[in-house]
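For the sequence shown, my numbering gives the first residue as 32, with consecutive numbering after it.
Working notes, beginning with the structure itself.
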Amino acid sequence: MSIPGALAFSIYVDWLNVLGKSTWFASIGPIMFICPNLPPSERLKPENVYVAGIITGLKEPTALKLNYLLMPLMKELKELWEGYHFAPT
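And the structure:
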């Protein structure tokens, strides 16, 4: 990265069936952030993975629905990227 001290994060959404292979209607999708700035041996350790949320439902959502579900998180990330500016009092 060109900004000293800046961190990068990769977002992952993965789906799994909480009841095993016996049924298809109980899936969850954790929304996870991984920091690729960390060494490869450290990236996927539980203490270095941030779970931002969990999407539940009967089945995996379509890409359009997933975009809708991730929109609030993306707005928050955009605010963090742009920074906060406080007026002096």
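Positions of the beta carbon are idealized from the N, C-alpha and C atoms, including for glycine.
DSSP three-state assignment for residue i, whether helix, strand or coil
{"i": "residue 68", "result": "coil"}
{"i": "residue 83", "result": "strand"}
{"i": "residue 119", "result": "coil"}
{"i": "residue 61", "result": "strand"}
{"i": "residue 88", "result": "strand"}
{"i": "residue 47", "result": "strand"}
Residue i classed as buried or exposed, judged by whether at least 16 other C-beta atoms fall within 10 angstroms
{"i": "residue 36", "result": "exposed"}
{"i": "residue 60", "result": "buried"}
Extent of the continuous alpha helix (DSSP H) run through residue i
{"i": "residue 108", "result": "94-113"}
> Can at least three beta-carbon pairs, one atom from the stretch 38-45 and one from the stretch 64-74, be found at a separation below 8 Å?
Replying inline: yes
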